[in-house]
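Once you know that position 88 of the sequence shown is 88 in the UniProt record's numbering, the rest is easy, because the numbers rise by one and skip nothing. Structure, as structure tokens:
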Amino acid sequence: MAKGGMILCMICLWYVVGVVGLVGGGKLGGRTIIKDVKNNKEVQDLGKFSVEEYNKEEGLGESSGALSFNEVVEAEKQVISGLEYYLKISAVKSGVLETFDAAVVVKASGTPPKKLLNFAPTTN
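Written out as structure tokens, the structure reads:
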């Protein structure tokens, strides 16, 4: 009887984890779309961080073609060891508004808490 109870308990746990994953926005570990990004302060702050980090990594200053953050226009997130954000960023380059794709990881603990993984012009 104890063995049967344990199996039933494991099946119930598996079911609950599956349902929570589906209700929470799809498959576990998959990307989920972030809605209303224009009013999401955290997402906009991550977009600004991405542009600032890109400028720093490229050695760009105000007078040497640095990008100027405008806004995040689309965003997705994925739960990994922390949260990974995939951002479509509108930024000004040499007076022209352009769109860039960025990937940023945000860790609950660790140094640094935010890290720019990728930043490039949008290709599509």
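Beta carbons are placed, not taken as given, at the ideal position from N, Cα and C, and that holds for glycine. Keep in mind the model is a prediction, meaning the values are calculated, not measured.
Neighbourhood of residue i by C-beta, 6 Å cutoff - its chain only, sequence neighbours within 5 removed
{"i": "K115", "result": "V105"}
{"i": "K48", "result": "F69"}
{"i": "E58", "result": "none"}
{"i": "S63", "result": "none"}
Whole-number beta carbon distance between residue j and residue i, since they are thought to touch under 8 Å
{"i": "V72", "j": "V43", "result": "5 Å"}
{"i": "A75", "j": "F100", "result": "No, A75 and F100 are not in contact; Cβ-Cβ is about 13 Å, not under 8 Å."}
{"i": "N118", "j": "A102", "result": "6 Å"}
Pair within 8 Å by beta-carbon distance, residue i and residue j
{"i": "Y54", "j": "L46", "result": "no"}
{"i": "K77", "j": "T32", "result": "yes"}
Which listed residue (the options) has its alpha carbon closest to that of residue i
{"i": "S109", "options": "K38, T123, L83, S64", "result": "L83"}
{"i": "G65", "options": "Q78, V51, K77", "result": "V51"}
{"i": "L60", "options": "S94, P112, D36, N118", "result": "S94"}
{"i": "V37", "options": "Y85, S81, V79", "result": "Y85"}
{"i": "G30", "options": "P113, I80, T122", "result": "I80"}
Residue i classed as buried or exposed, judged by whether at least 16 other C-beta atoms fall within 10 angstroms
{"i": "V96", "result": "exposed"}
{"i": "G24", "result": "At G24, the pLDDT of 48 sits below 50, so the modelled position is not reliable and the matter cannot be decided from this model."}
{"i": "L22", "result": "Low per-residue confidence applies at L22: pLDDT is 43, beneath 50, and the placement is therefore not dependable, though the value from the model is reported in the following sentence. The residue in question, L22, is exposed, as its Cβ has fewer than 16 Cβ neighbours within 10 Å."}
Same chain, Cβ closer than 7 Å to residue i, five either side skipped, listed in chain order
{"i": "S90", "result": "N70, E71, V73, L97, T99"}
{"i": "P113", "result": "V106, K107"}
{"i": "K35", "result": "none"}
{"i": "T122", "result": "K88, T99, F100, D101"}
{"i": "N40", "result": "I34"}
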